[in-house]
Amino acid sequence: MNEKKRTLIETGMKLFAQKGFHETSIQEIADKSGVSKGAFYLHFDSKEDLTLNIHQYYYYGLMEEVNKVQKQDLPPKESLAAQIKVLLEAFMSNKDFIIMHMRENVNVPSESNDFLMEIRRHSFQWGRSNLLTIYGQPLQDKVIDAVILLEGMLHSYFKWLVLDDIELDLDSLSTFLVRRVDNVIQGMLQEGEEPQITPEQIRDYFPDESSSNSKEKITGILSNMRQKVDHLQLPDDQKKDLLSALDVIDQELEKEEPQRVILQGMLTHFKDKAQFENDIETLASHLGIPLLT
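This is the structure:
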């Protein structure tokens, strides 16, 4: 992402939080960003488009911070607590913008539906991965219910912190939530609870991607990955490498017989970035190749 676009995003978010979406003009955003109104339209189609980009910019940045915690050598429960603290801090830092968006019912482009589904999928995968790392195989058939309970606790406390402006110690709260989730899951395991929600029911909300046109899905995923790279806060040379890897995948797929070893190699560039986890797994499924470990 170039510096002008980043500045427009950050300035737009501040103004929206301070004045409200409808009271902030594109001209004001451009003026405060030190660019012309025409330059604004080089990057965004409208204020609504800017709002979608703001959500993407901060969400992908947040996933980078969570990924950094996951890479630390922490015991699984401590790691989950540290990740929850990162999420809580992010919501508190941006609560004025979140409140503005909810109160003013801002309409964003249709692309936001795909983005919201991506968040939902990633949130579920994040919870499932953390909980299975902690509890392992005994939780496997009950993990969907466990993730829902974890998400429910988080969302409830987010509401009190952001909308109701309750002040809480985030270190204490994050460890408290992990302990409470542990109490619930240990109870489920000890009492032999039957799963309330099955994988088949989850597929009603996250349909099998293979049921749609595979080529169109692959094109859409690669396009989405390019947008994510643009929002990543990485050195330009690293972004260039990631974009080059996507270009190689595109070029290889144009061939009559794509070489799977090349496709696998290019996907490894994204394996250490949490926000691409669902993308590369779905791509690998469509392409019929295993991901390299």
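Quick note on the working numbering: the sequence shown kicks off at 3 and runs consecutively. Ideal Cβ positions, reconstructed from N, Cα and C, are used throughout, including at glycine.
- Taking the CA atoms as reference points, residue 82 sits about 43 Å from residue 259.
- Counting along the chain, residue 176 sits inside the alpha helix (DSSP H) bounded by residues 172 to 192.
- Relative to residue 147, the option among 274, 101, 203, 220 whose CA is nearest is 203.
- Closest option to residue 84, judged by alpha-carbon separation, among 172, 226, 289, 227: 172.
- Residues 265 of the same chain have their beta carbon placed closer than 7 Å to that of residue 289, with the five preceding and five following residues left out of the count.
- Within the stretch 209 to 251, the complete alpha helix (DSSP H) segments of 4 residues or longer fall at 216 to 233, listed in chain order.
- If you ignore the 5 residues before and after residue 65, its C-beta comes within less than 6 Å of the C-beta of 276, 277, all in its own chain and listed in chain order.
- Contiguous alpha helix (DSSP H) elements confined to the stretch 28 to 100 occur at 28 to 35, 39 to 45, 49 to 73, 78 to 95, taking only those with 4 or more residues.
- Residue 23 sits away from residue 104, with the two beta carbons spaced by 8 Å or more.
- In this structure, the CA atom of residue 293 is about 10 Å from the CA atom of residue 285.
- Bounds of any alpha helix (DSSP H) do not take in residue 273, whose DSSP letter is neither H nor E.
- Under the 10 Å beta carbon count, residue 14 is surrounded by 16 or more other beta carbons and is classified as buried.
- A straight-line Cα-Cα distance of about 28 Å links residue 143 and residue 160.
- One alpha carbon belongs to residue 193, the other to residue 187, and they sit about 10 Å apart.
- Put simply, the stretch 4 to 20 touches the stretch 91 to 100. At least three CB pairs are less than 8 Å apart.
- Straight across, the Cα-Cα distance linking residue 90 with residue 232 is about 25 Å.
- Counting other Cβ atoms within 10 Å of its Cβ, residue 43 stays below 16 and is therefore classed as exposed.
- In the structure shown, residue 167 falls within a coil segment according to DSSP collapsed to helix, strand and coil.
- In this structure residue 227 is not in contact with residue 255, their Cβ atoms being roughly 14 Å apart against a cut-off of 8 Å.
- Boundaries for residue 143: no alpha helix (DSSP H) harbours it, and the DSSP string shows neither H nor E there.
- C-alpha of residue 117 to C-alpha of residue 60: approximately 13 Å in a straight line.
- Counted as a single uninterrupted DSSP element, the alpha helix (DSSP H) harbouring residue 282 occupies residues 279 to 289.
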